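Novice: The sequence shown begins at 12 in our numbering and counts up one residue at a time. Think of the CB as a built atom: it goes at the ideal place given N, C-alpha and C, for glycine as much as any other residue. All values derive from a computational prediction rather than experimental measurement.
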Amino acid sequence: MNLLPSFFLRKDSIIDDLLKKLAHKDAEKNVFNIVIIGQTGVGASSLINMIIGTSNVSISTDVSPCTKKFTAYSFTFNGRAFRLIDSPGFGSSKSTTSTIVRSLRELDSQFGIDLVVNCLRGTRGDASAGLQNYNAIRSAVSGDVPIVAVITGLERYPEGMDRWWTRNEADLKARRMVFADHACVTTLDAGNTSDLKLKTRVVESEKVTKDLILRNCAMKRGCLGMAGPRRHTRY
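1) Would you identify the three-state DSSP class for Asn60, choosing helix, strand or coil?
2) May I have the straight-line CA-CA distance separating Val42 from Ser120, to the nearest angstrom?
3) Which same chain residues end up closer than 8 Å to Ile111 when comparing Cβ atoms and leaving out the 5 residues on each side of it in sequence?
4) Three or more C-beta pairs closer than 8 Å, one from the stretch 78-93 and one from the stretch 174-187: is that the case here?
5) Return the CA-CA distance between Leu58 and Thr198, expressed in angstroms with no decimal places.
6) Does the beta-carbon of Gly64 have 16 or more other beta-carbons within 10 angstroms, so that it is buried, or is it exposed?
7) Tell me the rounded alpha-carbon separation between Lys221 and Gly171.
8) Give me the DSSP bridge partner(s) of Phe93.
9) With DSSP as the reference, label Pro202 as helix, strand or coil.
10) So, are the CB atoms of Arg212 and Glu166 less than 8 Å apart?
11) Going by C-alpha distance, which of Asn60, Leu223 and Thr51 is nearest Val159?
12) State yes or no: is the C-beta of Arg94 within less than 8 Å of the C-beta of Asn44?
13) Tell me whether Ala229 is buried or exposed, calling it buried when 16 or more other Cβ atoms sit within 10 Å of its Cβ.
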């Protein structure tokens, strides 16, 4: 007799609604699960809007986080299907770090996480929070799950956006924040500006972010000799 997993019986967990939806869909085996996560207000939800080309994901601020539960959004790129999973932000009064960590562990153990995108604000100087968040993510997912960095808020960066990484990678490594890959972006809505330079950066940001996801999912699949995304045996 197969017992229902515990998330079917729980109420009000920040991950349960997503797990139930994935269970009903049997977590389609050809869809990559990509978790988008970061400090509250860092632009993770804006990043998802940019990738999927809509404004369906509510945008939060440092004061008022909008993502209260794990929520999935689908998109297809270069013939492959992806599920972008928007996570509640670290540092929110609504969700503690331990709650987010437990949720990530359950998602990974039940349905598999193929890639984690850790959003970091390029203009924010709270290094201690960034390190704590990184360590929390790394402790929550399997060792074979790549963590990549997306640096947001670079619309006014005085040089090319990727120069931020050139200037700051060594500092990240010194704090033992080691990422499999990176992208430096702005998550501004191109429709809200007439500045041609900003519009160009928005277009560039969408491209490098999609390429980052595709590249690292393909790399992970190839290294593990898999025919598709990593999935676990479930109930």
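Specialist: Let me spell this out:
1) helix
2) About 16 Å.
3) Around Ile111, the same chain offers Ile25, Ile48, Ser98, Pro99, Phe101, Ala147 and Ala151 as residues with beta carbons nearer than 8 Å, after the five sequence neighbours per side are excluded.
4) no
5) 6 Å
6) exposed
7) 18 Å
8) Phe43 and Phe86
9) The sequence given here places Gly at residue 202; Pro does not occur at that position. Correct three-state label for Gly202: helix.
10) yes
11) Checked all of Asn60, Leu223 and Thr51; the closest Cα to Val159 is Leu223.
12) yes
13) exposed
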